[in-house]
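Protein sequence lines correspond, in order, to chains X and G. Heads up, the first sequence is in this note's numbering, so the first residue is 1 and it goes up one at a time. Heads up, the second sequence is in this note's numbering, so the first residue is 1001 and it goes up one at a time. Scroll down for the structure; my scribbles are underneath it.
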Amino acid sequence: MKKENVKWFIILHIIILIISISGICSKTAAQYDFLSTKWILFYGLVICILGFYAIAWQQVIKHLPLIVAYANKAVTTIWGLIWGFLIFHEQITPLKVVGAAVVIIGVYFVVTGDEDVTGKNQETKEVEKNA
Amino acid sequence: MLKYALIMLSGTFIASCSQIILKKAAEKEYPSKIAEYMNPMVIGAYIFFFGASLCSVLGYKGVPLSIGPILEATGYIWVAILGKIFLSEKISPRKALGLVIIILGIVIAAFGV
Chain X
1 MKKENVKWFI ILHIIILIIS ISGICSKTAA QYDFLSTKWI LFYGLVICIL GFYAIAWQQV
61 IKHLPLIVAY ANKAVTTIWG LIWGFLIFHE QITPLKVVGA AVVIIGVYFV VTGDEDVTGK
121 NQETKEVEKN A
Chain G
1001 MLKYALIMLS GTFIASCSQI ILKKAAEKEY PSKIAEYMNP MVIGAYIFFF GASLCSVLGY
1061 KGVPLSIGPI LEATGYIWVA ILGKIFLSEK ISPRKALGLV IIILGIVIAA FGV
């Protein structure tokens, strides 16, 4: 892997980590009364993170293939397990871990099953075929 | 918990709808850069997206954080189905297999709660 790609791969995972934090904010907001000050504060953080994600994601997919970005985004399921355990004292059961892993495999199949995201469109395939 | 899980799943469906609307809007020609963003479809899509995030917060009242992102993976399924209906996008056998695996993963995780 090129040095530049490694850099963007690390940036991608930092962004994924930040996206996973929006889950913590959502869960925290849910513990307060609807439209109370703290609810608004944490929901506001969720919106801010989603805004950051919209901008940051565009930058990442300029430097990494979509397939890499989308397949790696499924890692948020693992972060959900970790944050749930560390912050909200939820249990990590074997079935939850297996379920998350199966979902990640499924996401990989979905993104690799879409020829548009492999970076090979019909035109390039035709060129390759004729070469 | 089922009620809250359904709220969260509805949010994922709404978010998927907003993605399809954004994609539809992106296919159109606009007279200016501002018009690309400030048009009823794009604004509507973001209102949908806002509603989806609200569903997520409401859902987390009863859904554990460890399950939330797993439930949100249903977005891949909705985007594939809606993409086929409204954008005539193909669902390849490999993609269909992936969607089935995602559903399987969600069911397995649900049994672990």
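Glycine residues also receive a C-beta, built at the ideal position from the N, C-alpha and C atoms. Small disclaimer: the values here were computed from a predicted structure and weren't measured.
Report the three-state DSSP secondary structure of residue 31(X) (helix, strand or coil).
-> Position 31 of the first sequence, counting from 1, holds the residue named residue 31(X). Of the three classes helix, strand and coil, the one that applies to residue 31(X) here is coil, per DSSP.
Is there at least one Cβ from chain X nearer than 8 Å to residue 1007(G)'s Cβ?
-> Residue mapping note: residue 1007(G) aligns to position 7 of the second sequence, counting from 1. Answer no: the Cβ-Cβ gap between residue 1007(G) and chain X never drops below 8 Å.
Is residue 1073(G) helix, strand or coil by DSSP?
-> Stepping through the second sequence from its first residue, residue 1073(G) is reached at position 73. Shown here, residue 1073(G) sits in coil according to DSSP, grouped into three states, outside any helix or strand.
Please compile the residues from chain X whose C-beta is within a distance smaller than 8 Å of the C-beta of residue 1086(G).
-> Translated into positions along the second sequence, residue 1086(G) becomes position 86. For residue 1086(G), none of the residues of chain X pass the 8 Å Cβ criterion, the least Cβ distance being about 16 Å.
What are the boundary residues of the alpha helix (DSSP H) that residue 37(X) is part of?
-> Here the question's residue 37(X) lines up with position 37 in the first sequence. Residue 37(X) -> alpha helix (DSSP H) spans 37-63.
Please confirm if residue 1109(G) has its CB atom under 8 Å from at least one CB of chain X.
-> As a working note, residue 1109(G) is residue 109 in the second sequence. The Cβ of residue 1109(G) sits closer than 8 Å to at least one Cβ of chain X.
Interface residues of chain G around residue 23(X) at Cβ under 7 Å?
-> One-based indexing of the first sequence puts residue 23(X) at position 23. Taking the beta carbon of residue 23(X) as reference, the chain G residues within 7 Å of it are 1065, 1068 and 1069, listed in sequence order.
Which residues of chain X have a Cβ atom closer than 7 Å to the Cβ of residue 1026(G), listed in chain order?
-> To locate residue 1026(G), count along the second sequence from 1; it is residue 26. What residue 1026(G) touches in chain X: nothing, since even the nearest Cβ is about 13 Å away.
Simplified DSSP assignment, three categories, for residue 1090(G) = As a position in the second sequence, residue 1090(G) is number 90, starting the count at 1. DSSP places residue 1090(G) in coil when its eight states are reduced to three.
Please list the residues of the region 1026-1054 of chain G that have a C-beta atom closer than 9 Å to any C-beta atom in chain X, keeping them in chain order.
-> Within the region 1026-1054 of chain G, the qualifying residues are 1049, 1050, 1053 and 1054.
How far does the alpha helix (DSSP H) with residue 1012(G) in it reach, from first residue to last?
-> Indexing the second sequence from 1 puts residue 1012(G) at position 12. Segment 1002-1026, the alpha helix (DSSP H) holding residue 1012(G).
Hey, residue 24(X) and residue 72(X): beta-carbon distance below 8 Å or not?
-> The residue you call residue 24(X) lines up with position 24 of the first sequence. The residue you call residue 72(X) lines up with position 72 of the first sequence. No, these two residues do not count as a Cβ contact at 8 Å.
How many angstroms separate the CA atom of residue 114(X) from the CA atom of residue 1083(G)?
-> The count along the first sequence starts at 1 and reaches residue 114(X) at position 114. The count along the second sequence starts at 1 and reaches residue 1083(G) at position 83. Using only the alpha carbons, I get a separation of about 12 Å.
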